[in-house]
Structure formats: C-alpha cells, structure tokens
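Here's the structure we're looking at; comments come further down.
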Amino acid sequence: MKRTTGQDRSKTRNWRPATRAIRGGTWRSEMGETSEALFLTSGYSYDDAATVTARFMGEDDGMTYSRLQNPTVQMLEERIALLEGAEACRTQASGMAAMTTALLCQLSAGDHMVSARAAFGSCRWLGDSLLPRFGIEVTVVDATDTAAWEAAIRPNTKVFFFESPANPTMDIADIEGICAIAKAHGITTVVDNAFCSPVLQRPMEFGVDVVAYSATKLMDGQGRVLAGAVCGTEEFINDKLLPFQRNTGPNLSPFNAWVVLKGLETLDLRARKQSENALKVGQFVAGRVPKILHPWLDSHPQQALAQKQMDACGPIFSFELDGGRAQAHALLDALELIDISNNIGDSRSLMCHPASTTHHGVGPEGREAMGVTEGMLRINVGLEDADDLIEDLDQALTKAGL
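To convert, take the position in the sequence shown, counting from 1, and add 6; that gives this note's numbering.
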C-alpha cells in the first residue's frame, strides 16, 4: 500500500469491511512506518507567515492545532467513517462527549427533541436534565412503538434520539420506520450504535442521519481508553458539529485515538466471536432464569426485527431474577471468572446490576418506566471459552438459588 492510499476514497470505497478496519484512513509519514504513527503534539509550526495565514483562512489543508486536527486522530476518523459508510466523522474524548456534541451542536433554546425511554442512564440525563436547562424541550417515548414517534412531533421538533438495542432492556427500535417518519417531517435522527458497532449494524443503511458511538466499547474492545465518535454527512460534520467542537473542546487525545485504531484492526473478529459466545451463553441462561432479554432468542418480542437490522446478536444481553436486588447481588458475588463491571464491549466477560450502577441516577420511577427492574442483570460476553463462562454462571446461579 502506498503512503496515502488509505486516505483515498476512490480506492478505499471498494474495499470490504475487514480491509477497511485494518487499512482505512492510514497515512504514512516519510519514514514509511507500517503501524500508524502516534503524533503527540498540541500544535504545529510553519515555514513562513503566509502558510499559517492560509491555513487559518481555510485556503490550505494543513493542520493548525490539535483541538482541530491531528494526524493520528484524523486517521481514526477516516477509518470509522469508512466502516460506517459515512461521508465524515469526528471523534470526541468519550462516548458521552460524542452524544452531547451530536445533540448540542444542532439544538437551540426553543427546539424540541423526541427521545427513547429506554437508554443508557447518562443519555437519559441529557434529555431529562441538561437540555431543559437550556430551553430545549424533550418528550420521551417507547422506542418500540413506531407510531409514538410521529404522535410526539411538534412544530419545533428538530431531533429524534434513540439507541437500538437499548441499554439494558435490549429493546429493538424499527430504525427504518422511525427514520421514514423523521424524514417526512424534516427531523434529524441521531442513533447511539455502541451496542453493535458498524460491524454488526449500520444505521445509515436504514436512513439514520447521524450515528454516535462510545468507541470505548467494542471499537477499543479491551477496556483501555475512553473515546467517542460522531458520523454524518460532510455538511453536518463541518457546518454544525465542527464549530461546536472546535470552540468547546471535547476532543480525543492522539494516544487514545492510536489505541482505538489498533482495536479496530480486530473489531470484526471480536464482535462476531463475542456474538457467537453470547448466543451460546444466552441459550444456557434462558433455561435457568425467569426472564431473558436476548435479541437472537425466540423469546424476544422483536427477534425478527433485530435479525433484519443486525448481522449478529452482539455480545450483550440481560436477564431478570425474581428475587430482586438481593438475589441479583448474590449471583454477582458468586461469580468466579466473570468480572463485576459496568463496562461493555470488552474482550473480557463482565456483568453488572443496572439498577445500582449504570441506571442508578435515573431514579426508581424512571427505572420502572424503562423496565429496569431490581432483579435485572446485564452481561457482556467476552472472548473466553463459552463453556468456561457457562460453568461459572452455572455455579453462580446455583449459589443464588436458581
């Protein structure tokens, strides 16, 4: 591969996803390094005053400051855009920085947003607490009720915001149906795709305008760094998101960008293997617990829709115990291999109790409305041998009285 081939869309658009994940976005310096270079620099120098003037005027493509451009970060942004099938991408310091940027860059006082009821706790906080403080109205709907989205539209509605599958209830939204409603009313759709990554689901293929990520999750996939990303059209990224980001500064560090670049090289392999493990583990758990929320199992009410939108089930599912928090905590305490942790997308298997961790801040009434019960547990199935995970769950379920 030549030095700049990875940045040439006329060539990279013809590559298949696995190749894009390894080669896409790569730009090699005059040293000819095979692994992407790590540019730990805050600023740049210039040979003359005319050059720096041209760059700040937008007449020269060179870089000016790492809050705006960095070679390592730019390589990651191009690679994610290629995987997503998006015109452009900008990265942020964390997943929540990505969600906040994707919304605040386009909403103003007097606007209205429709948001999904079931969502990550911090995403709910954005709609429940932050946006109203700035005069932005938010209506919460059941994401699985497609008609509810249209019923919630007001003259000032600007954005639909949701995730699918939802965290941690595994609700599956009809992405294509919701987007059709949004487009008919000139509304921008923003989807959090962290549970899947572009390997398992590409929301833009179903009409989504903006896709946001916690790249901390599957993209890094090894629990090392925080990162976020927002994908969209060049017009959205350059005219709406970039002015917000350059002046508020939720930027990703070059080191974290480099780590995520390395993670993307194995994303396809990890996501598919973890999905395979999650299906096997889910089939075991289904026979031992009162209720399981797994999009690939027949018991899931939206199994057909999930299989239409997703290429595999993903590594995450939830299940419920009748004994409430006490029994859920007893099961967690009995685990010997699986870690108690509130992260997801990791190559290690992790489990948490959402009501006391990720969704604690939503409050009891909010959790009840979402369907996050005191007996719910969420598991991220990793790359360990599935039989070892099943053995660990078997003994933990037994000790918890199941």
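All C-beta atoms, glycine included, are put in the ideal place defined by N, C-alpha and C.
Anticipated Cβ contact below 8 Å, isoleucine 344 with aspartate 398, distance rounded: Taking the first residue of the sequence shown as position 1, residue 344 is located at position 338. Taking the first residue of the sequence shown as position 1, residue 398 is located at position 392. Confirmed, about 6 Å.
Secondary structure, beta strand (DSSP E): runs of 3+ residues fully inside the segment 218-294: When DSSP assignments are scanned along the segment 218-294, the uninterrupted stretches of beta strand (DSSP E) that are 3 or more residues long and fall wholly within it turn out to be 234-238.
Exposure label - threonine 40; buried when at least 16 CB within 10 Å: For the purposes of this step, residue 40 is identified with residue 34 of the sequence shown, where counting begins at 1. Around the beta-carbon of threonine 40, fewer than 16 other beta-carbon atoms lie within 10 Å, marking it exposed.
Test item: CB-CB of isoleucine 322 and arginine 384 under 9 Å: Residue mapping note: residue 322 aligns to position 316 of the sequence shown, counting from 1. Residue mapping note: residue 384 aligns to position 378 of the sequence shown, counting from 1. Yes, Cβ-Cβ distance for isoleucine 322 and arginine 384 is below 9 Å.
Alpha carbon of valine 120 to alpha carbon of tryptophan 155, nearest angstrom: What you label residue 120 is simply residue 114 of the sequence shown in a count that begins at 1. What you label residue 155 is simply residue 149 of the sequence shown in a count that begins at 1. Roughly 7 Å separates the two Cα atoms.
Continuous beta strand (DSSP E) stretch holding isoleucine 187: start and end: Reading the sequence shown from its first residue, position 181 is the one you call residue 187. Segment 181-190 is the alpha helix (DSSP H) holding isoleucine 187; no beta strand (DSSP E) there.
Of the listed residues Ala361, Ala310, Thr163, nearest to alanine 125 (C-alpha basis): Residue numbering aside, residue 125 sits at position 119 when the sequence shown is read from its first letter. Selected option, being the one with the closest Cα: Ala361.
DSSP state of leucine 383 mapped onto helix, strand, coil: Along the sequence shown, one-based indexing puts residue 383 at 377. Looking at leucine 383 - three-state DSSP - the assignment turns out to be strand.
Contacts around glutamate 271, its chain only, beta-carbon distance under 7 Å, and the 5 residues preceding and following it disregarded: On the sequence shown, position 265 is the one that residue 271 refers to. So the qualifying residues of the chain are Ala27, Ile28.
Closest by C-alpha distance to threonine 97, when choosing among Val291, Asp148, Ala312, Met81: By one-based count along the sequence shown, residue 97 stands at place 91. Check the Cα spacing between threonine 97 and each of Val291, Asp148, Ala312, Met81: the tightest is with Met81.
Arginine 123 classed as buried or exposed, judged by whether at least 16 other C-beta atoms fall within 10 angstroms: As a first step, residue 123 must be located in the sequence shown, where it is residue number 117. Answer is buried; the Cβ neighbour count reaches 16.
Nearest neighbour of serine 48, chosen from Met357, Gln313, Gly255 [CA to CA]: For this step, residue 48 is matched to residue 42 along the sequence shown. Of Met357, Gln313, Gly255, the residue nearest in Cα terms is Gly255.
Glutamate 2 burial status per 10 Å Cβ neighbour count (16 or more: buried): The requested residue 2 does not occur in the structure, where the chain is confined to residues 7 to 408.
Pairwise C-alpha distance: glutamate 182 and glycine 2: The chain is shown only over 7 to 408; residue 2 falls outside these bounds and no answer can be derived.
Asparagine 20 versus glutamate 241 - alpha carbon distance: One-based indexing of the sequence shown puts residue 20 at position 14. One-based indexing of the sequence shown puts residue 241 at position 235. Computed Cα separation, rounded: 23 Å.
Check whether leucine 285 and arginine 85 have beta carbons under 9 Å apart: By one-based count along the sequence shown, residue 285 stands at place 279. By one-based count along the sequence shown, residue 85 stands at place 79. Not a contact, by the Cβ cut-off of 9 Å.
Whole-angstrom distance between methionine 37 and glycine 213, CA atom to CA atom: Reading the sequence shown from its first residue, position 207 is the one you call residue 213. Reading the sequence shown from its first residue, position 31 is the one you call residue 37. It is roughly 41 Å from the alpha-carbon of glycine 213 to the alpha-carbon of methionine 37.
Arginine 96, enclosing alpha helix (DSSP H) - first and last residue: Within the sequence shown, numbered from 1, the residue matching residue 96 stands at position 90. It is not in any alpha helix (DSSP H) - arginine 96 instead sits in the beta strand (DSSP E) that spans 94-98.
Buried or exposed (CB count within 10 angstroms, at least 16 for buried), phenylalanine 45: Along the sequence shown, read from residue 1 onward, the residue named residue 45 stands at position 39. Result: buried.
Aspartate 198: first and last residue of the uninterrupted beta strand (DSSP E) it sits in: What you label residue 198 is simply residue 192 of the sequence shown in a count that begins at 1. Here the beta strand (DSSP E) through aspartate 198 covers 194-198.
Cβ contact (3+ pairs, closer than 8 Å) linking the segment 179-198 and the segment 51-66: Not touching, per the Cβ criterion.
Paired residues, beta bridge with threonine 145 - DSSP: Here residue 145 refers to the residue found at position 139 when the sequence shown is read from its first residue. Its beta-bridge partners are Val120.
Alpha helix (DSSP H) segments (min. 4 residues) lying fully within the segment 31-119: If only complete runs of 4 or more residues are kept, the segment 31-119 shows the alpha helix (DSSP H) at 55-62, 77-90, 101-110, in order along the chain.
Sub-9 Å separation of isoleucine 350 and lysine 223 beta-carbons: On the sequence shown, residue 350 is found 344 positions in, with the first residue counted as 1. On the sequence shown, residue 223 is found 217 positions in, with the first residue counted as 1. Going by beta carbons, isoleucine 350 and lysine 223 fall inside the 9 Å limit.
Inter-residue CB distance, aspartate 328 and proline 370 (contact presumed, cutoff 8 Å): As a position in the sequence shown, residue 328 is number 322, starting the count at 1. As a position in the sequence shown, residue 370 is number 364, starting the count at 1. Aspartate 328 to proline 370, Cβ: 18 Å. No contact.
Runs of beta strand (DSSP E) wholly within the segment 286-365 (minimum 3 residues, chain order): The qualifying runs are 297-299, 322-326, 356-358.
Cβ pair phenylalanine 201, threonine 107 closer than 9 Å: Locating residue 201 in the sequence shown gives position 195, where the first residue counts as 1. Locating residue 107 in the sequence shown gives position 101, where the first residue counts as 1. Going by beta carbons, phenylalanine 201 and threonine 107 fall outside the 9 Å limit.
Burial state of proline 209, where buried means 16 or more other Cβ atoms lie within 10 Å: Start at 1 with the first residue of the sequence shown, and residue 209 comes out as number 203. By the 10 Å Cβ count, proline 209 comes out buried.
Where the beta strand (DSSP E) containing threonine 163 begins and where it ends: Translated into positions along the sequence shown, residue 163 becomes position 157. Annotation for threonine 163: the continuous beta strand (DSSP E) segment containing it runs 163-169.
CA-to-CA distance, leucine 206 to aspartate 317, given in whole angstroms: As a position in the sequence shown, residue 317 is number 311, starting the count at 1. As a position in the sequence shown, residue 206 is number 200, starting the count at 1. Looking at the two C-alpha atoms, the distance is approximately 5 Å.
CB contact flag (serine 35, arginine 61, <9 Å): Start at 1 with the first residue of the sequence shown, and residue 35 comes out as number 29. Start at 1 with the first residue of the sequence shown, and residue 61 comes out as number 55. When the beta-carbon positions are compared, serine 35 and arginine 61 stay at least 9 Å from each other.
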